[in-house]
Amino acid sequence: MSAEKPAPDLADLRQEIDRIDEAMHRLLMERGTIIDRLIASKKASKAGLSSAFRPGREASMMRALAERHGGLLPLDTVEGIWRVIIGTFTYVQSSYSVHADISGGDAPMRDSARFHFGFTVPYVTHPSAAAVIEAVASSRGDLGIFRLDQGATSGAWWRTLADKRRPKIIARLPFIERPGHPAGTPVFVISKPLTDAAVRDVVLYAAQFERWHKGANEALTHLGGEVVASAADTHGLSELIAVPGSVEPAALKAALTKAGASLAQLAEIGSHAERFRVK
């Protein structure tokens, strides 16, 4: 019979933990050194403040994190650590605030802001999505967050993003969707228009209809799209529509018109990464 393996020495295990902790800290400092070089490079090229935000890259990083993760440490913890690292290093590149609509309660929005952007980034509250949009529009390079489901009383807030110079939706959070997510409230992130950093897996449109037809919902579904929100006003029916980035505006217009909807206006108001779900 083979002899039993001796129990691991606690002092040795703790020494291994200390070694790993030190290595992680040194890697974070090394990351900071690279970010410092990145800042210098952006200053030399006169890149704007919004160049620090890379929603497509962040979504890709979080997807890779979830796909490779395993072991004892919960995914919630790992995602939270990475989000703090990303959000804080972005803040170091160009300081910004996160403006949040708390009309549906402060707690879920604060949880979302702190989980995804960390505690270093200032958190500023507002009474509505419209107020958040105006705060971002008047800022130098801030972000705004608000819930997808605003309710009927909020009106067609998405119409205020239609002008090309207005803020645009750049992300949908959380990047990793799963049951019981600690910051699972679905929110949109807006910023001033990005140039080369926007990811276009899903494109969002503000659509104004003189007349709607129930067949238009089927037409959207056939395109892989959906109505995210809708509101009626004196001009007719206004809808926030999401479709895959591969769907051209002309094809969207043609499909809706063929389905019997009378489309008066269609304006792109942003885009975000494809949603990524884990069990």
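Mapping to full-length UniProt numbering: the sequence shown position 184 is 184, numbers consecutive.
Ideal Cβ positions, reconstructed from N, Cα and C, are used throughout, including at glycine.
Item                                                                                                                                                  : Value
Would you give the residue range spanned by the alpha helix (DSSP H) that GLU134 belongs to?                                                          : 129-137
Looking at the unbroken alpha helix (DSSP H) that takes in LYS253, where does it start and where does it end?                                         : 249-258
Does the distance from the C-beta atom of ILE169 to that of VAL189 stay below 8 Å?                                                                    : yes
Using a threshold of 8 Å, state whether the C-beta atoms of ILE176 and PHE53 are closer than that.                                                    : no
Below 8 Å between beta carbons: does that hold for GLY141 and SER94?                                                                                  : yes
Spatial neighbours of HIS222 within its chain, please: C-beta separation below 8 Å, excluding the five flanking residues on both sides.               : ALA255
Considering only residues of the same chain and omitting the five flanking positions on each side of GLY225, which have a CB-CB separation below 8 Å? : ILE241, ALA242, VAL243, PRO244, VAL247 and LEU252
Along the alpha helix (DSSP H) that carries SER60, what are the first and last residues, could you check?                                             : 55-68
Please classify HIS116: does DSSP put it in a helix, a strand, or coil?                                                                               : helix
Expressed to the nearest angstrom, what Euclidean distance is found between the alpha-carbon atoms of GLY151 and ARG14?                               : 52 Å
Where does ARG277 sit, in a helix, a strand or coil, going by DSSP?                                                                                   : strand
Does the region 260-269 come close enough to the region 156-168 to have 3 or more Cβ pairs within less than 8 Å?                                      : yes
Terminal residues of the continuous alpha helix (DSSP H) containing ASP76?                                                                            : 75-93
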